[in-house]
Amino acid sequence: GLADRLQETLKKIRGKGKVTEADVKSMMREVRLALLEADVNFKVVKDFVNRVKERAVGQEVLKSLTPGQQVIKVVNDELTQLMGGEQSKLATSARPPTVIMMVGLQGAGKTTSTGKLAKYLQNQNRSPMLIAADIYRPAAIKQLEVLGEQLDVPVFSLGNKENPVKIVQQGIQKAKEEHCDYVLIDTAGRLHVDEALMDELHQIKQEANPDEILLVIDAMTGQDAVNVAQSFNEQLELSGVVLTKLDGDTRGGAALSVKAVTGKPIKFVGMGEKMDALEPFHPDRMASRILG
Amino acid sequence: LSRYRKVDEDFFEELEEILIQADVGVETVMELVDDLRMEAKKNKIVDSEGLKPLLTEKFVDILAKSDEEETLNIPDDRLGVILFVGVNGVGKTTTIGKMAHLFKNAGKKVILAAGDTFRAGAIEQLEVWGERAGVDVIKHKPGSDPAAVVFDAIQAAQSRQADILLCDTAGRLQNKKNLMDELNKVHRVIKREIPDAPHETLLVLDATTGQNALSQAKLFGEAAGVTGIVLTKLDGTAKGGIVIAIRNELDLPVKYVGLGEKLDDLQPFQAEQFVHALFA
Ligand SMILES: Nc1nc2c(ncn2[C@@H]2O[C@H](COP(=O)(O)OP(=O)(O)OP(=O)(O)O)[C@@H](O)[C@H]2O)c(=O)[nH]1
Ligand SMILES: Nc1nc2c(ncn2[C@@H]2O[C@H](COP(=O)(O)OP(=O)(O)OP(=O)(O)O)[C@@H](O)[C@H]2O)c(=O)[nH]1
Ligand SMILES: [Mg+2]
Ligand SMILES: [Mg+2]
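Chains as they are written, first to last, in the numbering used here: chain A, 29 to 320; chain B, 768 to 1047.
Pasting the structure below:
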């Protein structure tokens, strides 16, 4: 991992045991490579390394007996701080139902995460209702209904011939009648560059007035993560992010990219396909994982 | 990169940036740029106009080693079996629908095997694609053994004298040993029924995936003998540059690309077009 590579770098450049600013520069190059290999976006890496460089040439590193370890500590701290900060709590509206909208690219894990969030809320003695607003993907509604059945959570649907805005409008109405205190809206996957579909999301937002708009993003996403996150955030104003498939072996640099470019908190992570595989986001664990 | 530029360190840095942002991968990019730097020196190339064709050629040579790689190697006188594998959500089921349509249009009799017996709505999803493409789907109940479904589908395809059998499998992450074992079993069951099958095992890769795609190609290759790649969601802004490293290291060719969510959004891979898009 990075620790070994920094050791190698130090072996080559170390003279009399004292580390110079030039030595730190070589170490920062290793950090940069490690972050790029972890899929952190090119520009985010540039900004991050510039931020850290200053601390990395500080006394704590230059005077340390283990400068390699010290650099890692500095980088790890900075990464953790960057990705952490806010609590991963879900919003609660003063006037129920609290409305949560799930958005993101095709196949990211929105429908599955919608089910997981419903279970999470159930465990907290809430009564969520799911709204099937994906009218495009074959058997999308069926997929959500099967999850609802597994969890014993109501699913509102008007089939795939009705406009999603109307589905959401009637779904929220139904949730109020049934005294459900949370509404989770599953939307169709779409490209951030599909104007018509992004406009549809905007219309759903206008109708539903959500308390949370969560961008669901696949942890194995590469450089494109910044484009996707930035675009969804600019067009909708996200409230948070759900990072899925973290049970894989990807380093997950997309987490840093998304946080850096939107400033929005990663609230939950998906750790599997089952409905109980949802965990709060731990920035320190993510930092170590990214650094490899 | 398209305007006339002096070939200097700034030029190479900008090139690195473009390629890394296309998910080509930092190691592959450094190798390629070092090569290019040497060739520019050797051939005394001083402007970008002279270097760009060299660069394009380099990439195209990696991606399109020989013409026949881009087509599918299926027998023309008996049943051809294609197994679709890959991680969760990449587009396996959708790609099968599109490919069924392609084969049907070419006059072939196609059958689909609903090998994802795990995920909610998976069988229904494939059935809708079967309807759209006008082909039959062999399925069991949800929760049944995927190997049994595929076995059943082979029997049905042979007795109905089908030309092509497309087998869907559940998405799975490559680091899940039990799921990769399950996939290996499906592969072995196919082999046992038809010794030279599956004639193609296609790894479906999402163009938005970063460096993890290399690990996917390696481990799926070990579990199920991957013969080619379908690169999906190229209609987005991701470039899918990771396929260059995959071709370089594992000699796996991209056979098709997915360009959307409709029945006809599947195209044979064109190396030149792909490389031009990398620099767009
Ligand atoms: N291993 C793992 N698989 C996941 C996770 N989250 C979702 N999946 C799987 O990823 C695939 C896609 O999930 P979906 O919920 O259908 O994704 P989606 O975003 O709703 O897809 P579209 O509606 O087509 O845009 C399914 O196979 C899920 O089981 C996770 O955290 N870990
Ligand atoms: N834009 C775009 N979307 C695609 C493409 N291929 C598939 N999709 C979408 O990606 C999502 C996932 O597709 P699926 O076919 O369910 O993927 P899968 O690999 O079978 O998923 P699992 O079985 O859950 O692992 C769906 O919303 C598809 O419509 C493509 O080429 N372009
Ligand atoms: Mg969905
Ligand atoms: Mg599928």
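Each residue gets a CB set at the ideal place from its N, CA and C atoms; glycine is no exception.
Name the DSSP beta bridge partners of residue 272 of chain A, please?
A/246.
Tell me whether residue 889 of chain B, by its Cβ, gets closer than 7 Å to a heavy atom of ligand 2.
Checking every heavy atom of ligand 2 against the Cβ of residue 889 of chain B, one is found closer than 7 Å.
Neighbour-count burial assignment, residue 138 of chain A, 16 or more Cβ in a 10 Å radius:
With 16 or more other Cβ atoms from the protein chains shown falling within 10 Å of its own Cβ, residue 138 of chain A counts as buried.
Would you say residue 831 of chain B touches ligand 1, meaning its beta carbon is less than 7 Å from a heavy atom?
No - ligand 1 has no heavy atom lying nearer than 7 Å to the Cβ of residue 831 of chain B.
Determine the closest residue to residue 774 of chain B out of B/810, B/791, B/860, with distance taken between C-alpha atoms.
It is B/810 whose Cα lies nearest to the Cα of residue 774 of chain B.
Could you please tell me which residues of the stretch 981 to 1005 of chain B, in chain order, have their CB closer than 8 Å to any CB of chain A?
Hits within the stretch, in order: 982, 1000, 1002, 1003, 1004, 1005.
Let me know the alpha helix (DSSP H) ranges lying completely inside the stretch 773 to 834 of chain B, each 4 residues or longer, listed in chain order.
You should have 776 to 788, 793 to 809, 815 to 830.
Closest Cβ-Cβ distance between residue 260 of chain A and chain B: below 8 Å?
Chain B contact via Cβ: absent.
Grab the span of the beta strand (DSSP E) containing residue 1023 of chain B for me, first residue to last.
In the DSSP assignment, residue 1023 of chain B falls within the beta strand (DSSP E) that extends over 1021 to 1025.
Within 10 angstroms of its Cβ, does residue 267 of chain A collect 16 or more other Cβ (buried), or is it exposed?
Flag for residue 267 of chain A reads buried.
Give the DSSP bridge partners of residue 210 of chain A, in chain order.
In the DSSP output, where bridge partners are listed per residue, residue 210 of chain A has A/126, A/156.
Interface partners of residue 1034 of chain B on chain A, CB under 7 Å
Within 7 Å Cβ-Cβ: nothing; residue 1034 of chain B doesn't reach chain A, min ~17 Å.
Considering only residues of the same chain and omitting the five flanking positions on each side of residue 953 of chain B, which have a CB-CB separation below 8 Å?
Scanning its chain for C-beta atoms nearer than 8 Å, with the 5 sequence neighbours on each side dropped, one finds around residue 953 of chain B the residues 850, 882, 913, 914, 917, 934, 936, 991, in chain order.
Excluding the 5 residues preceding and the 5 following residue 280 of chain A in the sequence, name in chain order all residues of the same chain whose CB lies nearer than 8 Å to its CB.
Here the set comprises 66, 67, 247, 248, 271, 274, 314, 317, 318.
Determine, using beta carbons only, whether residue 277 of chain A and residue 942 of chain B come nearer to each other than 8 Å.
Cβ atoms of residue 277 of chain A and residue 942 of chain B: closer than 8 Å.
Do the stretch 201 to 208 of chain A and the stretch 103 to 121 of chain A touch if we need at least three Cβ pairs shorter than 8 Å?
Touching, no, given that fewer than three Cβ pairs across the two stretches are closer than 8 Å.
Of all the CB atoms in chain A, is at least one closer than 8 Å to the CB of residue 863 of chain B?
Interface flag for residue 863 of chain B against chain A is unset, since no Cβ pair is found closer than 8 Å.
Shorter than 7 Å, the distance from the beta carbon of residue 323 of chain A to the closest heavy atom of ligand 4, or not?
Residue 323 of chain A falls outside the range modelled here, since chain A spans only 29 to 320, and no answer is possible.
Could you spell out where the beta strand (DSSP E) holding residue 87 of chain A opens and where it closes?
Element bounds for residue 87 of chain A: not the beta strand (DSSP E) but the alpha helix (DSSP H), 87 to 90.
Reduced DSSP secondary structure (H/G/I, E/B, other) of residue 199 of chain A:
Of the three classes helix, strand and coil, the one that applies to residue 199 of chain A here is helix, per DSSP.
What number of angstroms, rounded off, separates the C-alpha of residue 807 of chain B from the C-alpha of residue 818 of chain B?
So the two alpha carbons sit approximately 7 Å from each other.
Per-residue contacts from residue 895 of chain B into chain D (C-beta, under 8 Å)
Chain labels in this structure do not include chain D; the protein chains are A and B.
Between residue 787 of chain B and chain A, is the shortest Cβ-Cβ distance under 8 Å, so that the two count as touching?
Output row for residue 787 of chain B: interface = yes.
Using a Cβ-Cβ distance under 8 Å, would residue 857 of chain B count as near chain A?
Interface residue (Cβ-Cβ distance to chain A less than 8 Å): residue 857 of chain B is classified as such.
Among the candidates A/172, A/201, A/179, A/181, whose CA atom is the shortest distance from the CA of residue 188 of chain A?
For residue 188 of chain A, the nearest C-alpha among the options comes from A/172.
Checking contacts by CB at 8 Å: is residue 150 of chain A closer than that to chain B?
Taking 8 Å as the CB threshold, residue 150 of chain A stays off the interface with chain B.
Mind checking the stretch 98 to 117 of chain A against chain B and listing, in chain order, the residues whose C-beta falls within less than 8 Å of any C-beta there?
Result list empty, no residue passes.
Given this structure, state the Cα-to-Cα distance separating residue 77 of chain A from residue 56 of chain A, to the nearest angstrom.
Approximately 7 Å between the Cα atoms of the pair.
Interface residues of the stretch 772 to 800 of chain B facing chain A [CB-CB below 8 Å]
Cβ contacts with chain A: 784, 787, 788, 789, 790, 792, 793, 794.
If I measure Cβ to Cβ from residue 49 of chain A and keep anything under 7 Å in the same chain, skipping five residues before and after, which residues do I get?
The beta carbon of residue 49 of chain A sits closer than 7 Å to the beta carbons of 85 from its chain, once the five residues preceding and following it are set aside; these are given in chain order.
Can you list the residues near ligand 3, meaning Cβ strictly closer than 7 Å to any non-hydrogen atom, in the order they appear in the chain?
In chain order, the qualifying residues are A/138, A/139, A/162, A/165, A/168, A/171, A/214, A/216, A/217.
Is residue 892 of chain B close to ligand 2? I mean its beta-carbon at under 7 Å from any heavy atom of the ligand.
At least one heavy atom of ligand 2 is found less than 7 Å from the C-beta of residue 892 of chain B.
Identify which residue in A/47, A/108, A/142, A/130 has its Cα closest to the Cα of residue 96 of chain A.
Nearest of A/47, A/108, A/142, A/130 to residue 96 of chain A, Cα basis: A/47.
Are the C-beta atoms of residue 227 of chain A and some chain B residue less than 8 Å apart?
Residue contact check for residue 227 of chain A against chain B: no CB pair falls below 8 Å.
Starting from the Cα of residue 840 of chain B, find the closest Cα among B/967, B/1010, B/905, B/1033 and give me that residue.
Measuring from the Cα of residue 840 of chain B, the nearest candidate turns out to be B/967.
Give the straight-line distance between the Cα atoms of residue 98 of chain A and residue 885 of chain B, rounded to the nearest whole angstrom.
Distance between the alpha carbons of residue 98 of chain A and residue 885 of chain B: 47 Å.
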